Amino acid sequence: MPPRRHDDYTAAWICALPLELAAAYAMLDGRHGRVEGHNAVIACLPSGVTGTVSAARVVSQMLSTFRQVKFRLMIGIGGGAPSEEHDVRLGDVVVRKPVGLLGGVIQYDFGKTIQQGQFQRTGILNKPLEILLTVLSNLQAQYLIKGHGIKDTIQNIVN
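Under this note's numbering, the residue at position 137 of the sequence shown is numbered 599, and the numbers go up by one with no gaps.
Shown next, in the form of structure tokens:
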């Protein structure tokens with residue numbers, strides 16, 4: 463396989479934690495950063511330096527090198543997702559989509575914890591690009607046809 467140029471990468475996968483970075487590496491089609499046929503550059507926030515400012519700095523540095531990146535996705539373990547109505551377990555993939563006036567992305571510092579540990583939103587982010595929502599529809603359709611495929615994915619990672 464010929465070496466990739468920086469301009470060959472159109473997607474960015476940003477992780478906050480080394481654990482998330484390890485999972486990202488395990489999902490690659492090859493070591494250079496190809497996921498489901500798309501060239502993706504992967505970066506992790508510096509160890510012990512978290513938050514939105516750190517994430518913005520990493521993305522800024524990434525975009526100065528990989529100028530053709532069109533999509534930047536912060537992918538991680540997402541703390542606080544389970545609720546009484548949503549049975550979320552370790553290893554599940556959670557994707558939020560827009561509902562009503564909510565854009566689909568919940569940013570932890572756009573809210574506060576109130577009585578009995580409930581989360582109250584204090585702001586919202588815009589919904590994801592339509593092309594990403596179309597990808598989400600395709601993923602949902604694949605899931606309905608093929609199921610989650612977690613057994614095959616784990617087997618591929620282990621081997």
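Yeah, the Cβ is synthetic: ideal placement off N, Cα and C, and Gly gets one too. Every value quoted in this text rests on a predicted model; they were computed, and no experiment measured them.
Using beta-carbon positions only, say whether residue i and residue j come within less than 8 Å of one another.
i: G538; j: L479; result: yes
i: T596; j: V531; result: no
i: A517; j: I504; result: no
i: G574; j: Q582; result: According to the sequence provided, residue 574 is Lys. The question's Gly does not apply to it. Taking 8 Å as the Cβ cut-off, K574 and Q582 qualify as a contacting pair.
Does residue i come out as helix, strand or coil in the three-state DSSP assignment?
i: I504; result: strand
i: A473; result: strand
i: Q602; result: helix
Can you tell which of the options has the C-alpha that lies nearest to the C-alpha of residue i?
i: Q519; options: V497, A486, C477 and R583; result: Checking the sequence shown, residue 519 turns out to be Arg, not Gln. The option with the nearest alpha carbon to R519 is C477.
i: L481; options: L507, S522, V503 and G562; result: L507
i: A502; options: D470, I616, E592 and G609; result: D470
i: R467; options: W475, R529 and A484; result: R529
i: L587; options: G513, K559, S599 and I607; result: K559
i: G495; options: P465, G510 and Q604; result: P465
i: L598; options: T512, G499, G566 and A484; result: G566
i: S509; options: E547, V521, L483 and H500; result: L483
i: E546; options: G562, G579, L563 and M536; result: G579
To which residues of the same chain is residue i closer than 7 Å at the C-beta, ignoring the five residues directly before and after it?
i: L525; result: V531
Which residues in the same chain have their Cβ closer than 6 Å to the Cβ of residue i, if we skip the five residues on either side of it in sequence?
i: F533; result: A473
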